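A.B. asks: Numbering (the numbering used here), first residue to last: 1 to 429.
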Ligand code: GLY
Ligand code: MN
Ligand code: MN
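1) Along the chain, which unbroken stretches of the alpha helix (DSSP H) at least 4 residues long are found entirely within the stretch 308-367?
2) Is the Cβ-Cβ distance between residue 311 and residue 283 less than 8 Å?
3) Say yes only if the C-beta of residue 370 is nearer than 7 Å to one or more non-hydrogen atoms of ligand 1, and no if none qualify.
4) Entirely within the stretch 110-192 and at least 4 residues each: give me those alpha helix (DSSP H) ranges in chain order.
5) Output the distance between the C-alpha atoms of residue 199 and residue 16, rounded to the nearest integer angstrom.
6) Between which two residues does the beta strand (DSSP E) harbouring residue 34 extend?
7) Helix or strand or just coil, what does DSSP make of residue 275?
8) Thinking residue 60 and residue 129 are a contact (beta carbons under 8 Å), I'd like their distance in whole angstroms, please.
9) Give the DSSP-derived three-state secondary structure of residue 16 in the structure shown.
10) Spell out a yes or no on whether the stretch 247-258 and the stretch 353-363 are touching, meaning 3 or more CB-CB pairs, one atom from each, closer than 8 Å.
11) Quick check on the DSSP output: the alpha helix (DSSP H) that includes residue 200 runs from which residue to which?
12) Please tell me whether residue 260 and residue 395 are closer than 8 Å, where the distance is taken between their beta carbons.
13) Since residue 75 sits in a beta bridge, which residues does DSSP pair it with?
14) May I ask you to report which of helix, strand or coil DSSP gives residue 87?
15) Among residues of its own chain, excluding the 5 on either side of residue 50, which ones have a beta-carbon nearer than 7 Å to its beta-carbon?
16) On a CA-only basis, which of 309, 91, 118, 370 is nearest residue 336? Give me that one, please.
17) Name the residue from 45, 47, 322, 30 whose alpha carbon lies nearest to the alpha carbon of residue 39.
18) Counting Cβ pairs closer than 8 Å, one from the stretch 360-379 and one from the stretch 388-404, do we hit at least three?
19) Who are the near neighbours of residue 326 in its chain, counting only those whose CB is closer than 6 Å to its CB and skipping five residues on each side?
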């Protein structure tokens with residue numbers, strides 16, 4: 001649980017980068033329409049949440065810095081019995097003032113008038129210009145008129161790069177729940193089921209163990225479906241001799257987990273499946289070993305491509321000299337994506353990969369990234385030995401950079417062939 005003091009500390013850190021005589025405005029997320037008049041469950045904007053911990057919509061956070069004096073102001077929806085009857089309780093200004101350690105709290109209805117007041121003497125405005133909601137168009141217009149503005153999102157995204165111990169605790173909790181979900185589907189008798197039925201088992205565990213939501217739509221991809229990178233239809237039947245790629249992670253107290261395991265429907269890997277699986281796993285383990293402070297993520301990328309390319313040659317999937325294959329990027333056909341990404345409040349945390357000068361950011365203690373090498377071989381790829389066709393394998397863990405090097409926060413999730421097969425058998429003995 002993240003305490004209000006931590007959000008205040010983040011606001012203090014953020015306010016230090018604001019220049020004098022400036023205003024910064026952050027907006028809560030909007031409800032997203034699902035169809036007609038139904039909406040998706042509400043999820044707060046990650047940057048807004050990072051600085052407030054406030055979960056309601058129609059809210060604004062404002063920093064006003066004039067003559068080196070800082071005011072932090074939160075605008076929240078006012079109490080409204082009728083609206084609350086339909087849409088749920090609101091905290092209201094009074095409670096928000098008690099709970100959130102900001103200087104002033106007002107009703108969101110007052111935002112426009114107050115905004116005009118705040119900007120009277122200011123010379124610079126910070127705003128997230130990706131947010132062009134009609135109702136706050138005046139902020140956008142004002143900034144353009146002032147022609148002295150900066151996008152504030154990158155400033156917060158940068159802060160989000162290094163996780164505090166309480167953030168790591170939330171992520172670890174998300175991973176621990178996710179572990180139970182992955183283990184549950186490994187154990188299940190899957191024959192005769194549909195992909196979405198495994199998805200249901202996973203999501204049942206997420207919610208029943210205390211994670212309100214998934215961090216992203218679960219991918220449950222059997223056989224050749226695994227070769228579609230963002231496969232989310234999950235609507236095919238599970239075939240006995242195939243592998244299932246399951247990329248699923250829950251969100252716990254707004255923090256994501258992001259785990260992929262690839263497991264056999266029958267409980268047992270076939271020989272060709274084993275050969276490919278061992279190859280991807282070996283690359284994943286080797287890359288994780290390289291993670292330490294001051295290492296470049298691009299080095300992990302390059303090394304993973306070399307190792308996978310080598311593996312593809314060894315299995316006869318690619319032919320020719322390693323140097324030429326790598327130069328011509330032939331391996332990209334089978335491993336077209338990155339080795340991993342930052343993770344935190346967003347599954348793909350918006351933290352930057354390069355600094356202001358365009359130089360790559362080196363790994364530092366407290367950063368958290370996924371490591372997810374993969375091999376995808378289409379069922380119709382006639383250049384590949386037949387036994388490997390229609391197989392997609394990805395193995396993904398969540399890794400914290402530590403003083404000693406790294407810690408695999410998802411170490412407890414079954415991953416070796418022996419562990420996966422044993423877990424399946426154990427349930428049947
Ligand atoms: N689950 C999305 C990803 O692995 O990046
Ligand atoms: Mn990922
Ligand atoms: Mn993933």
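Note that CB positions come from ideal geometry on N, CA and C, so glycine has one too.
Remember, it's a predicted structure, so these values are computed and weren't measured experimentally.
C.D. replies: Taking the geometry as given:
1) Those alpha helix (DSSP H) runs which fall completely within the stretch 308-367 and span 4+ residues are 322-327.
2) Stepping through the chain shown from its first residue, residue 311 is reached at position 311. Stepping through the chain shown from its first residue, residue 283 is reached at position 283. Yes, the Cβ-Cβ distance between residue 311 and residue 283 is below 8 Å.
3) Here residue 370 is taken as the residue at index 370 of the chain shown, counted from 1. Correct: residue 370 has its Cβ closer than 7 Å to ligand 1.
4) Within the stretch 110-192, the complete alpha helix (DSSP H) runs of at least 4 residues are 111-118, 137-146, 153-159, 165-187.
5) To locate residue 199, count along the chain shown from 1; it is residue 199. To locate residue 16, count along the chain shown from 1; it is residue 16. When rounded, the distance between both Cα atoms is 44 Å.
6) Sequence index remark: in the chain shown, residue 34 carries index 34 (1-based). Per DSSP, residue 34 belongs to the beta strand (DSSP E) from 33-35.
7) Residue mapping note: residue 275 aligns to position 275 of the chain shown, counting from 1. Here residue 275 sits in helix by DSSP.
8) Counted from its first residue, the chain shown places residue 60 at position 60. Counted from its first residue, the chain shown places residue 129 at position 129. The C-beta separation of residue 60 from residue 129 comes to about 16 Å, leaving the pair out of contact by the 8 Å criterion.
9) Counted from its first residue, the chain shown places residue 16 at position 16. Residue 16 sits in a helix when the DSSP states are folded into three classes.
10) Segment contact: the stretch 247-258 against the stretch 353-363, fewer than three CB-CB distances shorter than 8 Å; contact not assigned.
11) Residue 200 sits at position 200 when you count from the first residue of the chain shown. Start and end: 195-208.
12) If you number the chain shown from 1, residue 260 lands on position 260. If you number the chain shown from 1, residue 395 lands on position 395. The criterion of a C-beta distance shorter than 8 Å is satisfied by residue 260 and residue 395.
13) To locate residue 75, count along the chain shown from 1; it is residue 75. Paired residue(s): 60, 106.
14) Here residue 87 refers to the residue found at position 87 of the chain shown. When secondary structure is reduced to three states using DSSP, residue 87 falls in the helix class.
15) Taking the first residue of the chain shown as position 1, residue 50 is located at position 50. Excluding the 5 residues flanking it on each side, residue 50 has same chain C-beta neighbours closer than 7 Å at 10, 156, 160, 345, in chain order.
16) The sequence position of residue 336 within the chain shown is 336, counting from 1. Closest option to residue 336, Cα to Cα, is 309.
17) Against the chain shown, residue 39 aligns to sequence position 39. The shortest Cα separation from residue 39 among 45, 47, 322, 30 belongs to 30.
18) Touching, yes.
19) Residue 326 sits at position 326 when you count from the first residue of the chain shown. The beta carbon of residue 326 lies closer than 6 Å to those of 309 in the same chain, with the five residues before and after it left out.
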